[in-house]
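Each residue of the sequence shown is one higher than the one before, starting from 1 at the first, in UniProt numbering. C-beta atoms are modelled at their ideal positions from N, C-alpha and C, and glycine is treated no differently. Just below is one structure, and these are the notes that go with it.
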Amino acid sequence: MLKRLKTIGRYDVFKRIIVTGIFIVVLSFAIIESMIVSGFKINDTHAPDIEYVIILGSGLKGSQLSIILQQRVDTGIAYLKQHPHMPVIVSGGQGPGEDIPEAEAMSRYLVGQGIDQNRIIQENRSTSTFENLKFSQDILKAQGVSQPSIMIVTSNYHLYRAEMIASTLGFKVHGIASPSLEYLLPQNMLREYLAMIKAMLQLP
């Protein structure tokens, strides 16, 4: 009888641990997803004193922009055409299945859409959002630019994390959320939840 009671006691402890764990996961998911969603409507188009635009990469098909990346670049183009003297950093390295760095493909696309090549700075080494922004910062520091005011252009589900990282690096941050494909949104939101946890654990 005593042995049975001990077994039941252990079961209750495990059950409480599992229930508590599930509650923490659900709560963290709800909080983090609400943070991500808050970035969907960010549109700082009229923010003053922007010094640089940074468009973040998102994959190629060979040497062609993916649909998501084209949406980002098209959103950036609309802003750049409203600010014809604004320099732009295109940020993205070369990943598996990509024939050229994302930065080079973005640069070609921008030029094809009428953006002067002299306005474009390529950051072509990065493989993550943190590297996108850190390596872009390194380029600017090498040019004597410290803590500039930047306009980040990236997908709506990605903007909150990108701004969070940029702020940590010391940028004065503004952003424009580009649209994303609705049928891919559940997948992207789940992936972004995990990426947010990783970023919050790694950033100071």
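| request: Just the C-alpha distance for LEU194 and GLY170, rounded to the nearest angstrom, thanks. | output: Your numbering for residue 194 matches position 194 in the sequence shown. Your numbering for residue 170 matches position 170 in the sequence shown. Rounded to the nearest angstrom, the two C-alpha atoms are 24 Å apart.
| Within 8 Å, strictly: CB atoms of ILE176 and ASP44 | For the purposes of this step, residue 176 is taken as residue 176 along the sequence shown, with counting starting at 1. For the purposes of this step, residue 44 is taken as residue 44 along the sequence shown, with counting starting at 1. Contact: yes.
| query | What's the C-alpha gap between THR127 and ILE120? | reply | Locating residue 127 in the sequence shown gives position 127, counting from the first residue. Locating residue 120 in the sequence shown gives position 120, counting from the first residue. Distance between the alpha carbons of THR127 and ILE120 is about 19 Å.
| query | Where do the ends of the beta strand (DSSP E) carrying THR154 lie? | reply | On the sequence shown, position 154 is the one that residue 154 refers to. 149–155 is the span of the beta strand (DSSP E), which, as asked, contains THR154.
| request: Could you give the DSSP three-state label for residue 242: helix, strand or coil? | output: An answer regarding residue 242 cannot be provided, because it is not within the stretch 1 to 204 covered by the chain.
| Is PHE171 near the ligand GDP, with its Cβ less than 7 Å from a heavy atom? | No copy of the ligand GDP occurs in the structure displayed, which carries no ligand at all.
| In three-state terms, what does DSSP make of GLU51? | Reading the sequence shown from its first residue, position 51 is the one you call residue 51. Three-state result, GLU51: coil.
| said: Taking the alpha-carbon of ASN188 as reference, which of PHE14, PHE40 and VAL13 has the nearest alpha-carbon? | reply: Here residue 188 refers to the residue found at position 188 of the sequence shown. Residue PHE40 is the option with its Cα nearest to ASN188.
| message | Which of the three DSSP states is assigned to residue 221 in this structure? | response | The first residue shown for the chain is 1 and the last is 204, placing residue 221 beyond what the model contains.
| said: Rounded to whole angstroms, what is the Cα-Cα separation between GLU123 and VAL19? | reply: To locate residue 123, count along the sequence shown from 1; it is residue 123. To locate residue 19, count along the sequence shown from 1; it is residue 19. Looking at the two C-alpha atoms, the distance is approximately 46 Å.
| task | Assign VAL145 to one of three DSSP states: helix, strand, or coil. | result | Residue numbering aside, residue 145 sits at position 145 when the sequence shown is read from its first letter. It is coil, neither helix nor strand.
| message | Rounded to the nearest angstrom, what separates TYR160 and SER146 at their Cα positions? | response | Taking the sequence shown and counting its residues from 1, one reaches residue 160 at position 160. Taking the sequence shown and counting its residues from 1, one reaches residue 146 at position 146. Going from the Cα of TYR160 to the Cα of SER146 covers about 22 Å.
| Distance, Cα to Cα, LEU5 vs VAL13? | Within the sequence shown, residue 5 is the residue found at index 5, counting from 1. Within the sequence shown, residue 13 is the residue found at index 13, counting from 1. Note that LEU5 scores 43 on pLDDT, short of 50, meaning its location in the model is unreliable and no value can be drawn from it.
| task | Please state whether DSSP places LEU2 in a helix, a strand or coil. | result | The sequence position of residue 2 within the sequence shown is 2, counting from 1. Bear in mind that a pLDDT of 43 at LEU2, under 50, signals an unreliable position, so the number given afterwards is only what the model happens to contain. The answer is helix: DSSP assigns LEU2 an H, G or I state.
| Just to confirm, are LEU203 and THR168 a CB contact at a threshold of 8 Å? | On the sequence shown, residue 203 is found 203 positions in, with the first residue counted as 1. On the sequence shown, residue 168 is found 168 positions in, with the first residue counted as 1. Yes, they are a contact pair.
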